[in-house]
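In the working numbering, the protein residues as written are 32 to 141. Beta carbons: idealized from backbone N, C-alpha and C, even for Gly. Written out below as structure tokens is the structure these notes cover.
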């Protein structure tokens, strides 16, 4: 799975990319990312994957990258060819936004 930096991730979000919160349901419910729907490991393992063309680039984010790798493996096994995970995860993305003073990716608990 290919890793991308937070700047590239944010640029892709601005273009309307298919992005998903890959954290477990309990974490994403407790601290949701408003702009990004959940695709939890639980859902992915049950086969509840996005209804997208297999050539669509899919971007995954979690706290540090472990859950993104897991969900990405399910996507790859289902035939998705362009699966990306955010290097450093949500922690890096929030730090990047803090430095920039931007609002995207803000959760209900920030």
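On a CA-only basis, which of the options is nearest residue i? Give me that one, please.
i	options	result
residue 51	132, 85, 115	115
residue 79	106, 93, 49, 60	106
residue 34	56, 44, 90	90
residue 111	117, 86, 128	86
Kindly give me the distance between the Cβ atoms of residue i and residue j, rounded to whole angstroms, as I take these residues to be in contact under 8 angstroms.
i	j	result
residue 95	residue 70	Not really, about 17 angstroms apart at Cβ, beyond 8 angstroms.
residue 72	residue 101	5 angstroms
residue 97	residue 49	21 angstroms between Cβ atoms; not a contact.
To which residues does DSSP link residue i through a beta bridge?
i	result
residue 38	DSSP output for residue 38 lists no bridge partner at all.
residue 46	Looking at the DSSP assignment, residue 46 forms no beta bridge with any residue, so it has no partner.
Taking all protein chains shown into account, do 16 or more other C-beta atoms lie within 10 angstroms of the C-beta of residue i, making it buried, or fewer, making it exposed?
i	result
residue 130	exposed
residue 41	buried
Beta strand (DSSP E) runs wholly inside the stretch 49 to 123, at least 3 long, in chain order: Here the runs fully enclosed are 49 to 52, 89 to 92, 114 to 117.
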